[in-house]
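Data first, discussion second: the structure below is written as structure tokens.
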Amino acid sequence: MPIQLPFVYYQSHAFTIQYDEARSLGMAIWRGKFSKSDLQEAFLILIHVIDKYRLTRWLADDRKMKSMSEEERNWVFENVVPALLSGPLRRMAILPSEDAKQVEDIDHLVERAGDLGDFALRNFGSEEEALEWLMQE
């Protein structure tokens, strides 16, 4: 059964952002390939929710997400990665995409970021495993 968090912050054809302030947990559910502007909007909303609610845990459901263009990857690296690493977020669990190219895109972004400091990032095969790991500590 899919995980549902108490509050939906944003929902569109491309993605949904949910959060649970009491557990300091957020979640993005990505759906398919979308435009550059949808991608940028999604990540800007994601960063806003993390900062606004001071979330320390994030579940990225990338299973239906499709690969990004090089331009989109560069935008994410320049705008999203620094915000994630400097914000309150400490743990991110990823449910990897069914699209092998998208998995490579994410791996490349992580590799390019280098030292993540105290930011922990892991891939999981199920929502339950991901949530269990996120809620540790």
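If you count the sequence shown from 1, position 119 lands on 119 in the UniProt record's numbering, and the numbers rise without skipping.
Beta carbons: idealized from backbone N, C-alpha and C, even for Gly.
Closest by CA to residue i, which one among the options?
i, options, result
"Leu46", "Ser86, Tyr10, Ser97, Glu111", "Tyr10"
"Asn74", "Met92, Arg112, Met65", "Arg112"
"Tyr53", "Glu71, Ser24, Asp61, Val76", "Ser24"
"Met92", "Val80, Ala83, Leu59, Ile50", "Leu59"
"Ala22", "Glu137, Leu55, Val76", "Leu55"
"Leu95", "Leu131, Pro82, Arg63", "Arg63"
"Val81", "Glu104, His108, Lys101, Glu128", "His108"
"Met65", "Gln18, Gly32, Val103", "Gly32"
"Leu116", "His48, Met135, Glu132, Leu85", "Leu85"
"Val76", "Lys101, Glu41, Ser97", "Glu41"
"Gly87", "Glu104, His48, Phe34", "His48"
"Trp30", "Val110, Gln102, Gly114, Trp133", "Gln102"
"Gln18", "Glu104, Val110, Ala83, Arg57", "Arg57"
Since residue i and residue j are thought to touch, with beta carbons under 8 Å apart, how far apart are those beta carbons, to the nearest angstrom?
i, j, result
"Ser69", "Asp99", "The Cβ separation is near 13 Å, so there is no contact."
"Leu39", "Glu72", "6 Å"
"Leu89", "Phe119", "7 Å"
"Ile3", "Met27", "7 Å"
Per the DSSP calculation, residue i is bridged to which residue(s)?
i, result
"residue 145", "Lying outside 1 to 137, the shown extent of the chain, residue 145 is not represented and no answer is given."
"Tyr10", "Ile17"
Suppose only complete runs of 3+ residues qualify. What are the beta strand (DSSP E) ranges in the segment 108–133, listed by chain order? 120–123
In the segment 36–120, which residue ranges form an unbroken alpha helix (DSSP H) of at least 4 residues, counting only runs that do not cross its ends? 36–52, 70–75, 81–86, 100–113
Do three or more CB pairs link the segment 10–19 to the segment 117–124 at distances below 8 Å? no
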